[in-house]
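Quick note on numbering: the sequence shown equals residues 26 to 269 in the working numbering.
Heads up: the structure comes next, in structure tokens.
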Amino acid sequence: MLRGLSGDVSVCDSPDGLAEAAAARIQRASADACAARGSFSIALAGGSTPRTLYTLLSRPPFRAAIEWPLWDVFFGDERAVAPDDTSSNYRMARETLLDAVAIDPARVHRMPGDMPDLDLGADEYAIKLHGDLPEGPGHAPRLDCVLLGLGTNGHTASLFPHTHALEVQDRWVTRGRADEAPYDRLTLTYPAINAAALVMFLVAGEPKREALKATASGATPAARVRLVDGELLWLLDADAAGTD
Ligand code: 6PG
């Protein structure tokens with residue numbers, strides 16, 4: 026059922042195994058980027074799945090193995106809430122990782138979901154991305170790594186089914202409209218995601234099995250993540266993959 030997924034698929038035995046595999050791949054990508062260019066840019070995902078990964082990265086052995094001061098941290102999407110709101114992706118990342126390691130706070134770039142004018146917020150964040158990152162395919166800002174989750178309806182980042190955000194091809198950031206609260210979002214667009222050097226989907230749990238099948242058949246927003254010149258990796262646990 027997973028043959029239709031674009032990119033490489035790795036099935037781990039558990040959510041903890043998935044987090045370990047993701048952390049090891051991030052460490053390697055960070056080491057390569059820091060050696061090549063002296064920095065590593067990553068867009069963090071929200072939701073519950075990445076929490077385990079972020080906590081793992083904040084502890085030994087990964088804590089001491091990563092050159093945190095060389096990281097530039099961005100976000101793949103954000104809810105339209107204050108940064109200290111319990112549903113903020115920034116708050117979740119801050120509590121599980123950003124406050125626990127030696128990342129330069131000036132190099133953590135929160136998506137301004139709390140701006141009253143979300144369109145203006147999207148444009149400002151796109152300017153930040155463009156100013157801070159090298160140019161990738163389609164003149165898009167090229168992130169070294171983008172982490173993504175998968176919703177049970179096949180959304181990823183805040184690219185939800187049947188919404189305008191899926192059609193945006195001339196911007197790197199746009200408004201999103203979720204079918205679950207908080208409804209208003211900001212999200213990277215497909216051109217920004219597809220320009221990345223590495224995209225990792227983190228998908229755990231039996232409830233995601235149908236969304237994975239639908240994605241493998243091309244029927245979800247997540248299916249439209251197809252890298253122009255990069256590595257796409259699906260990290261699944263056995264429950265999500267349907268393999269025992
Ligand atoms: C968000 C995320 C979203 C998430 C999926 C999966 O802001 O909620 O960016 O795309 O990755 O909804 O969420 P879970 O990991 O909680 O299942």
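All C-beta atoms, glycine included, are put in the ideal place defined by N, C-alpha and C.
Exercise. Under 8 angstroms between the Cβ atoms of Trp197 and Thr214?
Worked result: Cβ distance < 8 angstroms, so Trp197 and Thr214 count as in contact.
For this session: Would you check whether the ligand 6PG has a heavy atom nearer than 7 angstroms to the C-beta of His187?
Result: No, the Cβ of His187 stays beyond 7 angstroms of every heavy atom of the ligand 6PG.
Problem set entry | Other residues of its chain near Ala147: CB distance less than 8 angstroms, five sequence neighbours each side excluded | Excluding positions up to five away in sequence, the list reads Arg196, Val198, Thr199, Arg200 and Leu211.
Exercise. Of all the beta strand (DSSP E) runs that stay within the bounds of the segment 47 to 122, which reach a length of 3 or more residues?
Worked result: Listed in chain order, they are 65 to 69, 96 to 100 and 102 to 104.
Exercise. Is His134 near the ligand 6PG, in the sense that its beta carbon is under 7 angstroms from a heavy atom of that ligand?
Worked result: For His134, the Cβ stays outside the 7 angstroms cut-off from all heavy atoms of the ligand 6PG.
Problem set entry | Option in Leu223, Gly243, Pro232 and Asp109 with minimal Cα separation from Arg50 | Closest by alpha carbon: Leu223.
For this session: Could you please give me the residues that DSSP links to Ser35 through a beta bridge?
Result: In the DSSP output, where bridge partners are listed per residue, Ser35 has Leu260.
For this session: May I ask you to check if the CB of Leu175 is nearer than 7 angstroms to at least one heavy atom of the ligand 6PG?
Result: Result yes, Cβ under 7 angstroms from the ligand 6PG.
Exercise. Once you ignore the five residues that flank Arg132 on each side, which residues in its own chain have a CB closer than 7 angstroms to its CB?
Worked result: Excluding residues within five positions, the ones whose Cβ falls inside 7 angstroms are Trp96, Asp97 and Val98.
Problem set entry | Buried/exposed call for Ser62, threshold 16 Cβ in 10 Å | With the sequence shown as reference, residue 62 is identified as Arg, and Ser is not the correct amino acid for it. Flag for Arg62 reads exposed.
Exercise. So is Glu231 buried or exposed if we call it buried at 16+ other beta carbons inside 10 Å?
Worked result: Counting other Cβ atoms within 10 Å of its Cβ, Glu231 stays below 16 and is therefore classed as exposed.
Exercise. On the three-pair Cβ rule with 8 angstroms, is the segment 120 to 127 touching the segment 201 to 209?
Worked result: Because the criterion of three Cβ pairs below 8 angstroms is not met, the segment 120 to 127 and the segment 201 to 209 do not touch.
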